[in-house]
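Inspection log for the structure reproduced underneath, given as structure tokens.
Numbering (the numbering used here), first residue to last: 673 to 843.
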């Protein structure tokens, strides 16, 4: 019985530490990564702005009615979680900005996609996440286990596969 109580106490201390450390971390963060593709800026933009059926983490998606003049859609991930997004900035072949439009999530923020012609042909794509993590446990996990750039790097790799390209991801 003593070992069971000790195990429960240790578990409670660990959960408390995670919550305490997570509460001390900032809610907002900024993460960015860049990659160069052989594809043109127009081709990159067309794929990014189009249906997300090429992304490994998206199992299904659908279009929603516009809200306040902004295009909206939903994506369902591999964990069966549906997230609503809205387009907040759109400059064809140059820039897109997408915001999570579901205030009930334990996280939120925007992804900005900046596309620029690369010297010698192709295009550079920089993705910047201005994220917010409201749940202290998620904040701890994102900071110390997953990293803030894991989703961006996965997106850049999926895009490289879509274009049958090889890329180097830069900070």
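Where a beta carbon is used, it is the ideal one built from N, C-alpha and C, also for glycine.
Task: Inter-residue CB distance, residue 729 and residue 826 (contact presumed, cutoff 8 Å) - done: Within the chain shown, the letter at position 57 stands for residue 729. Within the chain shown, the letter at position 154 stands for residue 826. Confirmed, Cβ separation roughly 7 Å.
- [ ] Taking all protein chains shown into account, decide if residue 714 is buried (16 or more other Cβ within 10 angstroms of its Cβ) or exposed.
- [x] Taking the chain shown and counting its residues from 1, one reaches residue 714 at position 42. Burial call: exposed.
- [ ] Name the two residues that bound the continuous beta strand (DSSP E) containing residue 737.
- [x] Translated into positions along the chain shown, residue 737 becomes position 65. Here the beta strand (DSSP E) through residue 737 covers 730-739.
TODO: Return the CA-CA distance between residue 839 and residue 675, expressed in angstroms with no decimal places.
DONE: Here residue 839 corresponds to residue number 167 of the chain shown, with the count starting at 1. Here residue 675 corresponds to residue number 3 of the chain shown, with the count starting at 1. Roughly 52 Å separates the two Cα atoms.
Open item on the list: So, at 7 Å on beta carbons, what are the nonlocal neighbours of residue 762 in its own chain, with the 5 sequence-adjacent residues on each side left out?
Closed with: Position 90 of the chain shown holds residue 762. The beta carbon of residue 762 sits closer than 7 Å to the beta carbons of 768 from its chain, once the five residues preceding and following it are set aside; these are given in chain order.
Task: Nearest residue (CA-CA) to residue 757, options 821, 766, 782 - done: Looking up residue 757 in the chain shown gives position 85. For the set 821, 766, 782, the Cα lying nearest the Cα of residue 757 is the one of 782.
- [ ] Please name the residue, chosen from 681, 811, 711, 703, that lies closest to residue 793 on a Cα-to-Cα basis.
- [x] For this step, residue 793 is matched to residue 121 along the chain shown. Nearest of 681, 811, 711, 703 to residue 793, Cα basis: 711.
Open item on the list: With H, G and I counted as helix, E and B as strand and the rest as coil, what does DSSP make of residue 776?
Closed with: Taking the chain shown and counting its residues from 1, the one referred to as residue 776 is at position 104. Residue state, collapsed to three classes: coil.
TODO: Kindly list the residues whose CB is nearer than 7 Å to the CB of residue 716, restricted to its own chain and excluding five residues on each side of it in sequence; keep chain order.
DONE: For the purposes of this step, residue 716 is taken as the residue at position 44 of the chain shown. Excluding sequence neighbours, residue 716 sits near 709, 787, 795, 797.
Open item on the list: Give the list of continuous beta strand (DSSP E) stretches no shorter than 3 residues that lie fully inside the segment 679-759.
Closed with: 700-709, 730-739, 742-749
- [ ] Pick helix, strand or coil for residue 785, following the three-state DSSP scheme.
- [x] Position 113 of the chain shown holds residue 785. Residue state, collapsed to three classes: strand.
Task: Backbone CA spacing between residue 699 and residue 724 [nearest angstrom] - done: In the chain shown, residue 699 corresponds to position 27, counting from 1. In the chain shown, residue 724 corresponds to position 52, counting from 1. Approximately 28 Å between the Cα atoms of the pair.
Task: Beta-carbon contacts of residue 733 that lie in its chain and below 8 Å, excluding the five residues immediately before and after - done: As a first step, residue 733 is located in the chain shown; it is residue number 61 there, counting from the start. Closer than 8 Å at the Cβ level, and outside the excluded window around residue 733, lie 723, 724, 725, 745, 746, 747, 748.
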